[in-house]
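K.L.:
These protein sequence lines map, in sequence, to chains L and C. Okay, so the first sequence: first residue is 1 according to my numbering, each after it adds one. Okay, so the second sequence: first residue is 390 according to my numbering, each after it adds one. Before we start, here is the structure in question, set down as structure tokens.
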Amino acid sequence: MAEIVIDNVSKRYENGFNALHNVSFTVAEGEFMVVVGPSGCGKTTLLRMVAGLETTTDGEIRIGGRVVNNDTPAERDLAMVFQNYALYPHMTVEQNIGYALKLRKVPKDEIRAKVRQAADILSLTEYLDRRPGQLSGGQRQRVAMGRAIVREPSAFLMDEPLSNLDAKLRVQMRAEVLQIQRRVGVATLYVTHDQVEAMTMGDRVVVMRAGVLQQCDTPQTLYDRPANVFVAAFVGSPSMNLFYATLGDDGRSLRVGSQTVTLSDAVLAERPHLASYQGRELVVGIRPEDLTLEGSGDALSVKVGHVEGLGSELMAHFSMDARAFTLDEAQGSAEELDEALASTVLTEHVRYVVRLAARCGVGAGDALTLYPTMERFHFFDAATGESIW
Amino acid sequence: MASTRIGRRPVATYILLIVMMVLFLFPVLYLFIGSFEPPSLTLGGLRGIIPTSVTFENYVGLNQQFSNPQFTGSLRGFYTVSGIVSLSVVVGSLLVNSLAGYSLSRLRYRGRRGLLLGVIVLVIIPFESIAVPLYYMLQGLRNTIEVQIIPFIGSAFSIYLFYTFFLALPVQLEEAARIDGAGPWRTFFQIILPNAKPAFASVAILTFIQAWSSYLWPLMTTSQPNVYPLPIAIGNLVKQQSIPNFGQMFAFGVILVVPMAIFFIIFQRWFIRSVASLAVKG
């Protein structure tokens, strides 16, 4: 057991592409750390660097206090679960799980006992003689987990291990993977592009974008206090509503298009830096559940474009007299605007969404008055995208 | 399932296939039956699917033709030479070309693309066009078994076949092995090789057929009966006889074909076995 320290790590490929820029964070002993981000953000590269499958251009990777930059994958004493499981097709489940122990010259009886034990934990006992080709997706996934735990490694690395499973099985395996990790209690670095997976599984979550670490925090903190507009938009489903607004010269009236909302003292007191934005444009965010049909104080008039009934709740997509903010506007490149964010740019006009009660009777074309929960407003610098507190 | 699909196929297709099969099998059948018939009947054509009168006369006569190991060589000698040459070429070829193919498909080094291009170019160069330069290069080895083996171990075609096969193998298998603690050689022999059996079988079969029936090169490089392979011996048999004995030629043909057939039968199950069981996708 050991902690994993990623210290100022960078990765530059031979063709000059910078995959990672000065990434630093620590996975504590026993911690489940999820790295999440849109495709191409460098999360898998980072994992492979920790595994020793990619070289590290700059910075240090330490496992259990030892710098492992130049160690072979085997010397790092890690176990890795691959996205496609990478089970050895010609070996039985038992041989697959025991292969690493065999290479370590562990006595046969001991291998057998350990494999049985792992199989027991993973309910694989009756499949030990089968080959991977004869197993279902979920069973293969378990074999891959078995291969990892049987070694009693100093850390687990997992590269989108659930992405090949269907939705229902994925939810079930999420719980199983967590359970196993708790039981084994080793530092785990888990990579995914699915923010729901990240939020539900991680003790802490690292959000990455274009090779740069955006924020590393607990899921709730990421949700409540995103460090910047990217994290705000990426975490949460549906995404946060983001639009431009101007703070009045009085420092408390917020002009949203042609409407005005007056910020409460509490909001201003909590965010002292907001004072310096008087008379300036900034990006304002509000989550879909922080808008309500009933309330008091200032409200926003909106027009519903279409609704999605989910049974338990209702998502009303609406348009509003305000310039919507999109990620590519703030940070240049639109290319890595992930599918996860696609819902924020649905159509030109209907860009916002509110989460309402299932049977509230709201339908397409309705004009609504929505009351924002003031304390839940998020403010971002329009130029840098950084959160304003 | 399969039967319903076959059942729907038009009868005409089957008739055509049967006719084609008979046409292709005819010479082979004729060869076998003719070799067991008295020489006088051999050229009489195929009269049925079993010989009318069975005799080993042709085989005995053939053995007598090569009764003087010093001057004519012996059947056993030709067999030994052909066997050693073919098996050595197959074993060497599997080892050398699979490693070369692996290196081209997986390792990253300077000049790899150039090498690969070179291999592809070499695939299209026929052996005949380099036979003469090769002959002068290996002059010192004339009339040896080695000279019949060495030029055929490295094969651009086999390298390319291995290369394409290894490219299709998921690289994660090797990465998983590395993390499990396997070094490059162990990874190759314990992980790659067992999953590349179809490629190894294909190369083994193709190489064996080529080596076993090689004629031009041994004709150029051997002139002593003790290093003649079977195809040269059959050629000499034809030259020796003023009146050709077709019965003996048929018998020789059978002798030449049988080991190849056995080799194919041994390896064809790998040849056919698909890689569909690769347990990688979920």
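Using N, Cα and C, we set each Cβ at its ideal position, and we do this for glycine too.
Hey, quick one: how far does the alpha helix (DSSP H) through Tyr-552/C stretch, first residue to last?
P.N.:
As a position in the second sequence, residue 552/C is number 163, starting the count at 1. Per DSSP, Tyr-552/C belongs to the alpha helix (DSSP H) from 545–557.
K.L.:
Excluding the 5 residues flanking Thr-262/L on each side, which residues of the same chain have their C-beta closer than 7 Å to its C-beta?
P.N.:
If you number the first sequence from 1, residue 262/L lands on position 262. Arg-252, Ser-253 and Asp-298, listed in sequence order.
K.L.:
Within a Cβ cutoff of 7 Å, which residues of the same chain sit near Tyr-419/C, ignoring the five residues on either side of it in sequence?
P.N.:
The count along the second sequence starts at 1 and reaches residue 419/C at position 30. Closer than 7 Å at Cβ, skipping near neighbours: Leu-435.
K.L.:
Three-state secondary structure (DSSP) at Leu-213/L?
P.N.:
Start at 1 with the first residue of the first sequence, and residue 213/L comes out as number 213. Here Leu-213/L sits in strand by DSSP.
K.L.:
Give the DSSP bridge partners of Gln-528/C, in chain order.
P.N.:
For the purposes of this step, residue 528/C is taken as residue 139 along the second sequence, with counting starting at 1. Paired residues: none, contrary to the question.
K.L.:
Helix, strand or coil: how does DSSP classify Thr-533/C here?
P.N.:
Position 144 of the second sequence holds residue 533/C. Coil at Thr-533/C, not helix or strand.
K.L.:
Using C-beta distances below 6 Å, list every residue in its chain close to His-306/L, excluding the 5 sequence neighbours before and after it, in chain order.
P.N.:
Position 306 of the first sequence, counted from the first residue, corresponds to residue 306/L. Once the five neighbours on either side are set aside, the close Cβ partners of His-306/L are His-317 and Ala-364.
K.L.:
Does the contact criterion of 3 or more C-beta pairs under 8 Å hold for the region 195–211 of chain L versus the region 226–235 of chain L?
P.N.:
yes
K.L.:
Could you tell me whether the region 607–624 of chain C touches the region 517–536 of chain C, using the rule of 3 or more Cβ pairs below 8 Å?
P.N.:
yes
K.L.:
Please list the partners that Leu-562/C has in chain L, where partner means a Cβ-to-Cβ separation under 7 Å.
P.N.:
Start at 1 with the first residue of the second sequence, and residue 562/C comes out as number 173. Neighbours of Leu-562/C on chain L, chain order: Ala-86 and Tyr-88.
K.L.:
Starting from the C-beta of Asp-381/L, find all residues in its chain whose C-beta is less than 7 Å away, skip the five residues before and the five after it, and write them out in chain order.
P.N.:
Taking the first residue of the first sequence as 1, we reach residue 381/L at position 381. Same-chain partners within the cutoff: Leu-282 and Ile-388.
K.L.:
Taking 7 Å as the CB-CB cut-off, is Gly-570/C touching chain L?
P.N.:
On the second sequence, position 181 is the one that residue 570/C refers to. Chain L contact via Cβ: present.
K.L.:
Would Pro-427/C and Thr-444/C qualify as a contact pair, given that the criterion is a beta-carbon distance under 7 Å?
P.N.:
By 1-based counting over the second sequence, the position of residue 427/C is 38. By 1-based counting over the second sequence, the position of residue 444/C is 55. Less than 7 Å divides the Cβ of Pro-427/C from the Cβ of Thr-444/C.
K.L.:
So Pro-73/L contacts chain C; which residues on that side make the cut at Cβ distance below 7 Å?
P.N.:
The count along the first sequence starts at 1 and reaches residue 73/L at position 73. Near Pro-73/L (Cβ distances below 7 Å), the residues of chain C are Arg-567 and Ile-568.
K.L.:
What's the C-alpha gap between Glu-110/L and Ala-357/L?
P.N.:
Sequence index remark: in the first sequence, residue 110/L carries index 110 (1-based). Sequence index remark: in the first sequence, residue 357/L carries index 357 (1-based). Rounded to whole angstroms, Glu-110/L to Ala-357/L spans 57 Å at the Cα level.
K.L.:
Whose CA, out of Met-208/L, Asp-224/L and Asn-96/L, lies closest to the CA of Asp-290/L?
P.N.:
Within the first sequence, residue 290/L is the residue found at index 290, counting from 1. Residue Asp-224/L is the option with its Cα nearest to Asp-290/L.
K.L.:
Can you pull the chain B residues whose beta carbon is under 9 Å from the beta carbon of Asn-584/C, in chain order?
P.N.:
Among the protein chains in the structure shown, which are L and C, there is no chain B.
K.L.:
If distances are taken between C-alpha atoms only, which option among Phe-32/L, Asp-7/L and Phe-379/L comes closest to Ser-24/L?
P.N.:
The residue given as residue 24/L occupies position 24 in the first sequence. Among Phe-32/L, Asp-7/L and Phe-379/L, the Cα nearest to that of Ser-24/L belongs to Asp-7/L.
K.L.:
Report the CB separation of Gly-146/L from Ala-167/L in whole angstroms; it is logged as a contact under 8 Å.
P.N.:
Taking the first sequence and counting its residues from 1, one reaches residue 146/L at position 146. Taking the first sequence and counting its residues from 1, one reaches residue 167/L at position 167. Not a contact, Cβ separation roughly 24 Å.
K.L.:
Under a CB-based cut-off of 7 Å, is Phe-25/L close to chain C?
P.N.:
For the purposes of this step, residue 25/L is taken as residue 25 along the first sequence, with counting starting at 1. Chain C contact via Cβ: absent.
K.L.:
In the region 224–312 of chain L, which residue ranges form an unbroken alpha helix (DSSP H) of at least 4 residues, counting only runs that do not cross its ends?
P.N.:
229–234 and 265–270
K.L.:
Have a look at Met-320/L and Ser-264/L and give me their C-alpha separation to the nearest angstrom.
P.N.:
Within the first sequence, numbered from 1, the residue matching residue 320/L stands at position 320. Within the first sequence, numbered from 1, the residue matching residue 264/L stands at position 264. Looking at the two C-alpha atoms, the distance is approximately 22 Å.
K.L.:
Kindly indicate which three-state DSSP category Thr-192/L falls into: helix, strand or coil?
P.N.:
The residue labelled residue 192/L in the question sits at position 192 within the first sequence. Looking at Thr-192/L - three-state DSSP - the assignment turns out to be strand.
K.L.:
DSSP beta-bridge partners for Ile-4/L?
P.N.:
As a first step, residue 4/L must be located in the first sequence, where it is residue number 4. Partner(s): Val-27/L and Ile-63/L.
K.L.:
Mind checking Val-5/L: buried by the 16 CB within 10 Å criterion, or exposed?
P.N.:
The count along the first sequence starts at 1 and reaches residue 5/L at position 5. With 16 or more Cβ atoms within 10 Å of its Cβ, Val-5/L is classed as buried.
K.L.:
Could you please give the first and the last residue of the uninterrupted alpha helix (DSSP H) stretch that includes Arg-48/L?
P.N.:
Counted from its first residue, the first sequence places residue 48/L at position 48. Note, Arg-48/L: alpha helix (DSSP H), 43–51.
K.L.:
Can you find a C-beta in chain C that's less than 7 Å from the C-beta of Val-322/L?
P.N.:
Counting from 1 along the first sequence, the entry for residue 322/L is found at position 322. One point to set straight first is that residue 322/L is Ala, not Val, in the sequence displayed. Not one chain C Cβ lies under 7 Å of Ala-322/L.
K.L.:
Would you please verify whether the beta carbon of Leu-53/L is less than 7 Å from any beta carbon of chain C?
P.N.:
Within the first sequence, residue 53/L is the residue found at index 53, counting from 1. Yes - at least one Cβ of chain C is within 7 Å of the one on Leu-53/L.
K.L.:
Out of Glu-375/L, Leu-169/L and Ala-155/L, state which residue places its alpha-carbon closest to the alpha-carbon of Arg-142/L.
P.N.:
Within the first sequence, numbered from 1, the residue matching residue 142/L stands at position 142. Selected option, being the one with the closest Cα: Leu-169/L.
K.L.:
What runs of the beta strand (DSSP E), each 3 residues or longer, lie entirely inside the region 75–146 of chain L?
P.N.:
78–81
K.L.:
Straight-line CA distance for Lys-105/L to Arg-182/L?
P.N.:
Along the first sequence, read from residue 1 onward, the residue named residue 105/L stands at position 105. Along the first sequence, read from residue 1 onward, the residue named residue 182/L stands at position 182. One C-alpha to the other measures close to 28 Å.
K.L.:
Give me the chain L residues within the contact set of Ile-580/C, using Cβ-Cβ distance strictly less than 7 Å, ordered along the chain.
P.N.:
The residue labelled residue 580/C in the question sits at position 191 within the second sequence. The contacting residues are Tyr-88.
K.L.:
Run through the DSSP bridge pairs and tell me what Pro-73/L is partnered with.
P.N.:
Within the first sequence, numbered from 1, the residue matching residue 73/L stands at position 73. Answer by DSSP bridge pairing: none, since Pro-73/L is not bridged.
K.L.:
For Met-49/L and chain C, any beta-carbon pair shorter than 7 Å?
P.N.:
For the purposes of this step, residue 49/L is identified with residue 49 of the first sequence, where counting begins at 1. It does not: the Cβ of Met-49/L has no partner Cβ on chain C nearer than 7 Å.
K.L.:
Which term fits Glu-339/L, buried or exposed, when burial requires 16 or more other beta carbons within 10 angstroms of its beta carbon?
P.N.:
Locating residue 339/L in the first sequence gives position 339, where the first residue counts as 1. Because the pLDDT of Glu-339/L is 44, which lies under 50, any placement of that residue in the model is unreliable, and the question is left without a value.
K.L.:
With H, G and I counted as helix, E and B as strand and the rest as coil, what does DSSP make of Tyr-468/C?
P.N.:
Residue numbering aside, residue 468/C sits at position 79 when the second sequence is read from its first letter. Helix at Tyr-468/C.
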